[in-house]
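Participant:
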Amino acid sequence: MLNINLNKVRNNISASANNKKEAYEKLKSFKEKNEQLKAVYVAKGQKQIKISL
Amino acid sequence: MEYFEIKDEITPATVSAALAALDDAYNGNEITIQLPYNGGGSVDAAIWLIEAIKQTKAKVTIEVDRYVISAAAFIYLWFIIYPELHVEAKTTGEPAILVYHRPRVIIDEHLAFLNDLNDRTDEWETLKEFTEIFDKLFEYLMAACGYTAANENIYEYSQCALKHQLRHVRDGYYSNQDFVMPT
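Residue numbers (this note's numbering), protein chains in the order written: chain H, 709 to 761; chain A, 122 to 304.
Written as structure tokens, this is what we have:
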């Protein structure tokens with residue numbers, strides 16, 4: 709385990725407004741691709757497979 | 122003030138009440154979303170929650186407690202790294218543990234991370250995009266911890282070659298191991 713507490717370093721994090729905008733665009737793009745992937749799994753009869761966290 | 126406790130896991134069912142409240146909120150409403158001992162779960166539910174929190178008219182507090190793993194860690198880190206004026210992400214004040222890892226596909230109880238696959242597989246493009254999102258958050262976190270390229274250098278000690286602790290952390294994460302951090 710990293711012996712650095714997130715609460716003590718969180719103020720060092722500096723994502724710009726552009727970085728944030730790109731992150732949301734990438735999230736949206738991922739969602740669309742993930743729906744297409746789910747459709748592929750359904751077509752192949754593999755509904756139990758999915759990207760997981 | 123409305124409270125929603127999303128404990129144990131992130132699923133469409135466990136986030137549904139919070140999503141409805143976030144969508145229906147008016148200016149001046151306050152919503153607290155508690156994620157106590159949360160082990161993560163659904164990709165879809167995590168993204169729905171992130172988008173609903175960003176778009177809501179309410180003032181939102183995200184509160185983690187005990188352990189915050191995987192999808193729950195993703196939600197928490199998202200609002201620490203990409204902050205919103207109307208959102209506060211914090212702990213209860215008690216120590217908690219964050220566990221973060223790269224996304225993967227579960228196939229017959231086997232885990233496929235991006236570097237286990239190739240560009241001919243169905244999952245490649247989708248998992249690549251999601252992995253890049255995760256890696257970006259991780260790199261912001263490493264930079265906040267003080268990581269620089271110099272941390273890749275080997276440290277010599279009594280004729281032994283040692284790695285910096287932040288290099289160990291990065292090597293572990295990019296080898297698809299869990300990254301664990303107190304918060």
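In this text, a Cβ means the ideal position worked out from N, Cα and C, and glycines have one as well.
What residues from the stretch 712-727 of chain H come within 9 Å of chain A, judged by C-beta to C-beta, listed N to C?
Facilitator: Cβ contacts with chain A come from Ile712, Asn713, Leu714, Asn715, Val717, Arg718, Asn719, Asn720, Ile721, Ser722, Ala723, Asn727.
Participant: If I follow the unbroken alpha helix (DSSP H) through Gly293(A), where does it start and stop?
Facilitator: Indexing the second sequence from 1 puts residue 293(A) at position 172. First-last of the alpha helix (DSSP H) with Gly293(A): 286-295.
Participant: In chain A, which residues lie less than 9 Å from Ala731(H) when you measure between Cβ atoms?
Facilitator: The sequence position of residue 731(H) within the first sequence is 23, counting from 1. The contacting residues are Trp199, Ile202, Tyr203, Ile254, Lys257, Leu258.
Participant: Rounded to the nearest angstrom, how far is the Cβ of Ala193(A) from that of Leu156(A), given a contact under 8 Å?
Facilitator: The sequence position of residue 193(A) within the second sequence is 72, counting from 1. The sequence position of residue 156(A) within the second sequence is 35, counting from 1. Rounded, the Cβ-Cβ distance is 5 Å, consistent with contact.
Participant: For Tyr203(A), does the three-state DSSP call read helix, strand or coil?
Facilitator: To locate residue 203(A), count along the second sequence from 1; it is residue 82. In the structure shown, Tyr203(A) sits in coil (DSSP, three-state: anything other than H, G, I, E or B).
Participant: What first and last residue would you give for the alpha helix (DSSP H) that runs through Pro224(A)?
Facilitator: Taking the second sequence and counting its residues from 1, one reaches residue 224(A) at position 103. Segment: none, Pro224(A) is in no alpha helix (DSSP H) and carries neither H nor E.
Participant: Just the Cα atoms here: how many angstroms apart are Thr135(A) and Lys128(A)?
Facilitator: If you number the second sequence from 1, residue 135(A) lands on position 14. If you number the second sequence from 1, residue 128(A) lands on position 7. Between Thr135(A) and Lys128(A), the C-alpha separation is close to 8 Å.
Participant: Any beta carbon of chain A sitting closer than 8 Å to that of Val748(H)?
Facilitator: As a working note, residue 748(H) is residue 40 in the first sequence. Output row for Val748(H): interface = yes.
Participant: Answer with yes or no whether the minimum CB distance from Val226(A) to chain H is below 8 Å.
Facilitator: As a working mapping, residue 226(A) is identified with position 105 in the second sequence. Output row for Val226(A): interface = yes.
Participant: If the cut is a Cβ gap below 8 Å, which residues of chain H does Val301(A) touch?
Facilitator: Residue 301(A) sits at position 180 when you count from the first residue of the second sequence. Within chain H, the residues near Val301(A) are Met709, Leu710.
Participant: Would you mind reading off the limits of the beta strand (DSSP E) that contains Gln155(A)?
Facilitator: One-based indexing of the second sequence puts residue 155(A) at position 34. Here the beta strand (DSSP E) through Gln155(A) covers 151-162.
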